[in-house]
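Take a look at the structure below.
Numbering (the working numbering), first residue to last: 2 to 231.
This is the structure in structure tokens:
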């Protein structure tokens with residue numbers, strides 16, 4: 002098993018749920034449900050490896066372009082995930098955080114998300130960040146708007162200042178970002194935070210990802226030399 006001790010923050014773009022369903026002649030929502038089961042399995046594995054922060058891309062600002070029916074299915078799945086995972090995360094001492102503009106979601110879902118974030122915020126083993134209605138450029142726009150609203154002077158706007166206003170404020174940037182399904186782009190995920198992240202692309206669709214696939218990515222990461230421009 003690879004040594005993950007030098008990885009504090011792992012990020013994953015969970016791509017391929019709909020293709021997984023289509024390849025099997027299944028309805029699209031079945032791919033999302035299988036993807037959710039995969040997330041539960043992989044999250045447990047990631048935290049068991051000693052990684053403290055796990056950030057996943059669940060719903061982008063562009064995903065609103067999907068059919069109304071699929072978006073409703075996703076909202077139902079988000080609600081189910083919040084309900085089911087609260088107890089499990091609390092039992093395992095994991096914080097649950099939602100990053101992105103969740104204010105546009107149904108009020109009942111927003112209230113439930115807020116409750117779970119409050120009730121897990123003192124857990125200390127790790128943090129699961131779920132990016133919902135998230136876009137990297139959108140995040141940077143929000144950062145700029147909030148900096149202006151707070152009256153920060155030009156001379157005080159540094160990289161550190163911007164990071165403190167980001168959705169991931171207070172957290173280290175991801176050392177490793179994985180994308181599944183063979184696509185080799187970041188699609189606006191953690192645009193500010195991933196400038197020096199190592200990238201790893203898996204051909205397998207997200208619902209087929211196993212803990213062994215994650216370990217393979219971790220092995221590849223520890224074998225790389227991170228020079229940061231030096």
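C-beta atoms are modelled at their ideal positions from N, C-alpha and C, and glycine is treated no differently.
All values reported here derive from a predicted model rather than from experimental measurement.
Quick one: using the 10 Å Cβ neighbour count with 16 as the cut-off for buried, is residue i buried or exposed?
i	result
residue 65	exposed
What are the start and end residues of the beta strand (DSSP E) that includes residue i?
i	result
residue 94	No beta strand (DSSP E) holds residue 94; DSSP gives it neither H nor E.
residue 181	From DSSP, residue 181 is part of no beta strand (DSSP E); its letter is neither H nor E.
residue 61	54-61
Where residue i and residue j are concerned, what is the direct C-alpha to C-alpha distance, given to the nearest angstrom?
i	j	result
residue 85	residue 230	44 Å
residue 152	residue 100	24 Å
residue 133	residue 157	30 Å
residue 155	residue 126	38 Å
residue 170	residue 60	20 Å
residue 28	residue 46	28 Å
residue 221	residue 199	10 Å
residue 1	residue 205	No answer is possible for residue 1: the residues shown for the chain start at 2 and end at 231.
residue 131	residue 98	6 Å
Relative to the alpha-carbon of residue i, which residue among the options has its alpha-carbon at the smallest distance?
i	options	result
residue 56	190, 121 and 205	190
residue 34	228, 212 and 207	207
residue 217	38, 82 and 50	50
residue 44	67, 93, 26 and 21	93
residue 106	78, 10 and 150	78
Just to confirm my understanding: we take residue i, look at its own chain, exclude 5 residues before and 5 after, and list those with CB closer than 6 Å. What are they?
i	result
residue 102	134
residue 80	110
residue 174	194
residue 13	57 and 179
residue 147	166
Skipping 5 residues on each side, what residues in its chain have a beta carbon closer than 7 Å to that of residue i?
i	result
residue 122	96
residue 32	18, 19, 21, 22 and 208
For the alpha helix (DSSP H) that contains residue i, what are its first and last residues?
i	result
residue 48	29-49
CB-CB under 8 Å to residue i, same chain, minus the five flanking residues each way: which ones, in chain order?
i	result
residue 136	61, 62, 63, 101 and 189
residue 203	179, 180, 181, 182, 183, 210, 214 and 218
residue 167	140, 144, 193 and 194
Just to confirm, does residue i get its C-beta within under 7 Å of one of the non-hydrogen atoms of the ligand NAP?
i	result
residue 92	Of ligands this structure carries none, so the ligand NAP is not represented either.
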